[in-house]
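Asker: Input: one structure, supplied below.
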């Protein structure tokens, strides 16, 4: 593995350790919680040279100390230490660099009592390091090398999967945090099976993992999006036939009409354009006929995201999750694929976002999330899709933005100010956006005295991006209201 790929592995695994979802496009991708580990470990040079010899069946005090020190480094916050420890473990357990590897009983002990069990630990970067080792170990056991068939015959796929489940079970009397750690550990373990790219060599493997993901998502609602993200990541590996079976099962159990289901449907459609989808809940959630129901589903998901089962008076902006559901990345990617016409984006935005999240009866939490979605789409359309940016400045959004930015005591003032700053930054980075953005801020759903109305200097700062090429056009835009008044 090259150094750049190694850094990507660490970054992705770090996202997973915090429970976040990398952006997609995955795909998502972003949400997101994943480890991307391929090939043999390449170690970053460190001052400490770790013993890579096989681990013995009989443990002496010295051997126990060696093992403990390696696992301590595997959970280190230092990426170089983690990778060095991972290399020592994989080589010592499975062989390589002249080593024959450890006996099967030793490997099974490490899998059960150390590696899978360690995924339930929230200490430092334990989940990151342990995931690296597990992904590589699973790849060597059940991938092209197939060490399970040639060397570790007792460690079948089903046996190893059962070890994961056994070691990440929370007892009925477990404290809340301990239970949470256990379920996250199981999720990370299932993620390792996906990242090892070993699930579609035999038909039963994916079925078993999918059942566990569905069971976990059903048991703990707060893990549902992460479980769905693992399914999204697996789609490119499985092929069209298996994808059709997967989507059909999810539709049957009612997961299709959720934000997670929307994301899975969109990713599947992207991977396999000719794929057959069940007629219900929808073949394509972004078609015009599906948008009203899609708006309801995504609005309901926002309620769950922001904890709207509690009294609004008890909710503070700082307590709302700062990360959007991964479905919004997939929606953006799908809409961009429609091309420059923007008709589909316009209809989606007005129905789902403007009429859904910024309507007069929308909650503060929904509007807060709506501002986040606006910022994501604005940044996503900034490069290459400038003509679509204007579709984002809709009536309800603009009214809410101006009202909330105007006074510091407004509930979403900080979110509105952040949104104004994001507009300034986008224009600064892409000056060609200056004209369309000004037209929207000063035009139909905005106001000519936008800065005064919002108690900001947004337009003033945007005008600093005027270039010799667009100066005349911008001046004409600013003069139009004055000419109209004189007439």
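Residue numbers (the numbering used here): 203 to 689. Think of the CB as a built atom: it goes at the ideal place given N, C-alpha and C, for glycine as much as any other residue.
For residue 324, which option in 278, 360, 340, 475 has the closest C-alpha, if you only look at C-alpha atoms?
Answerer: Position 122 of the chain shown holds residue 324. Selected option, being the one with the closest Cα: 278.
Asker: Under a Cβ-count criterion, where at least 16 other Cβ atoms within 10 Å of its own Cβ denotes burial, should residue 598 be classed as buried or exposed?
Answerer: The sequence position of residue 598 within the chain shown is 396, counting from 1. So residue 598 ends up on the buried side.
Asker: Candidates 482, 476, 444: which alpha carbon is nearest residue 460's?
Answerer: Locating residue 460 in the chain shown gives position 258, counting from the first residue. It is 482 whose Cα lies nearest to the Cα of residue 460.
Asker: As an exercise, report each continuous beta strand (DSSP E) stretch of at least 3 residues that is fully enclosed by the region 275-310, in chain order.
Answerer: Listed in chain order, nothing qualifies, since the region 275-310 has no complete beta strand (DSSP E) run of 3 or more residues.
Asker: What residue range does the alpha helix (DSSP H) around residue 413 cover?
Answerer: Residue numbering aside, residue 413 sits at position 211 when the chain shown is read from its first letter. Element bounds for residue 413: 405-421.
Asker: Determine the extent of the alpha helix (DSSP H) in which residue 627 is found, giving its start and end residues.
Answerer: As a first step, residue 627 is located in the chain shown; it is residue number 425 there, counting from the start. 615-631 is the span of the alpha helix (DSSP H), which, as asked, contains residue 627.
Asker: What residue range is occupied by the uninterrupted alpha helix (DSSP H) comprising residue 536?
Answerer: Within the chain shown, numbered from 1, the residue matching residue 536 stands at position 334. Residues 529-538.
Asker: Can you give me the Cβ contacts of residue 551 inside the same chain, cut-off strictly under 7 Å, excluding the 5 residues immediately before and after it?
Answerer: As a first step, residue 551 is located in the chain shown; it is residue number 349 there, counting from the start. The residues are 593, 594, 596.
Asker: Tell me the residue span of the alpha helix (DSSP H) that contains residue 602.
Answerer: Indexing the chain shown from 1 puts residue 602 at position 400. Residues 597-608.
Asker: Report the option in 423, 578, 432 whose CA atom is closest to the CA atom of residue 624.
Answerer: As a working note, residue 624 is residue 422 in the chain shown. Closest by alpha carbon: 578.
Asker: Quick check on residue 525: does DSSP put it in helix, strand or coil?
Answerer: For the purposes of this step, residue 525 is taken as residue 323 along the chain shown, with counting starting at 1. Note: residue 525 maps to coil in three-state DSSP.
Asker: Rounded C-beta distance between residue 437 and residue 445? I'm assuming under 8 Å.
Answerer: The residue given as residue 437 occupies position 235 in the chain shown. The residue given as residue 445 occupies position 243 in the chain shown. Contact flag correct, Cβ pair sits at about 6 Å.
Asker: Applying the criterion that 16 or more other CB atoms from any shown protein chain within 10 Å of the CB defines a buried residue, is residue 328 buried or exposed?
Answerer: Your numbering for residue 328 matches position 126 in the chain shown. Looking at its Cβ environment, which holds 16 or more other Cβ atoms inside 10 Å, residue 328 is buried.
Asker: List the endpoints of the continuous alpha helix (DSSP H) containing residue 385.
Answerer: Position 183 of the chain shown, counted from the start, is the residue given in the question as residue 385. Its alpha helix (DSSP H) spans residues 378-397.
Asker: On the three-state DSSP scale, how would you describe residue 269?
Answerer: Position 67 of the chain shown, counted from the first residue, corresponds to residue 269. It is helical.
Asker: Specify, as a first and last residue, the run of the alpha helix (DSSP H) that residue 337 falls within.
Answerer: On the chain shown, residue 337 is found 135 positions in, with the first residue counted as 1. Element bounds for residue 337: 328-344.
Asker: Would you mind reading off the limits of the alpha helix (DSSP H) that contains residue 740?
Answerer: The requested residue 740 is not part of the displayed model; the chain covers only 203 to 689.
Asker: When you compare the CB positions of residue 276 and residue 335, do they come within less than 8 Å of one another, or not?
Answerer: By one-based count along the chain shown, residue 276 stands at place 74. By one-based count along the chain shown, residue 335 stands at place 133. It is a contact, given that the beta carbons lie within the stated cut-off.
Asker: Please determine, among 495, 555, 316, 471, the residue with the shortest C-alpha to C-alpha distance to residue 332.
Answerer: Numbered from its first residue, the chain shown carries residue 332 at position 130. Among 495, 555, 316, 471, the Cα nearest to that of residue 332 is on 316.
Asker: Taking the C-alpha atoms as reference points, what is the distance between residue 470 and residue 477?
Answerer: As a first step, residue 470 is located in the chain shown; it is residue number 268 there, counting from the start. As a first step, residue 477 is located in the chain shown; it is residue number 275 there, counting from the start. Near 8 Å, if we compare the C-alpha coordinates of residue 477 and residue 470.
Asker: Examine the Cβ distances between the region 569-578 and the region 602-620 and report whether three or more of them are shorter than 8 Å.
Answerer: Counting Cβ pairs under 8 Å, three or more are found: they touch.
Asker: What would DSSP say about residue 448, mapped onto helix, strand or coil?
Answerer: Taking the chain shown and counting its residues from 1, one reaches residue 448 at position 246. If DSSP states are grouped into helix, strand and coil, residue 448 belongs with the helices.
Asker: Among the residues of its own chain, which have a CB less than 7 Å from the CB of residue 560, if the five just before and after it don't count?
Answerer: One-based indexing of the chain shown puts residue 560 at position 358. Taken in chain order, the residues that qualify are 569, 572, 598, 599, 602.
Asker: Alpha helix (DSSP H) containing residue 440: first to last residue?
Answerer: Counted from its first residue, the chain shown places residue 440 at position 238. It spans 426-440 - the alpha helix (DSSP H) in which residue 440 sits, taken as one unbroken run.
Asker: Count Cβ pairs between the region 408-427 and the region 337-352 that sit closer than 8 Å; are there 3 or more?
Answerer: The answer is no - the region 337-352 does not touch the region 408-427, with fewer than three Cβ pairs under 8 Å.
Asker: Assign residue 564 to one of two classes, buried (16 or more other C-beta atoms within 10 Å of its C-beta) or exposed (fewer than that).
Answerer: Sequence index remark: in the chain shown, residue 564 carries index 362 (1-based). It counts as buried.
Asker: State whether the region 659-674 contacts the region 608-619, with contact taken as three or more CB pairs (one from each stretch) at a distance under 8 Å.
Answerer: No, they do not touch.
Asker: Suppose contacts are defined by Cβ-Cβ distances below 8 Å. Is residue 284 in contact with residue 359 by that definition?
Answerer: One-based indexing of the chain shown puts residue 284 at position 82. One-based indexing of the chain shown puts residue 359 at position 157. Their beta carbons are not under 8 Å apart, which means residue 284 does not touch residue 359 by this criterion.
Asker: Since I believe residue 290 is in contact with residue 252 (beta carbons under 8 Å), could you give me their beta-carbon distance rounded to a whole number of angstroms?
Answerer: Against the chain shown, residue 252 aligns to sequence position 50. Against the chain shown, residue 290 aligns to sequence position 88. 4 Å between Cβ atoms; contact.
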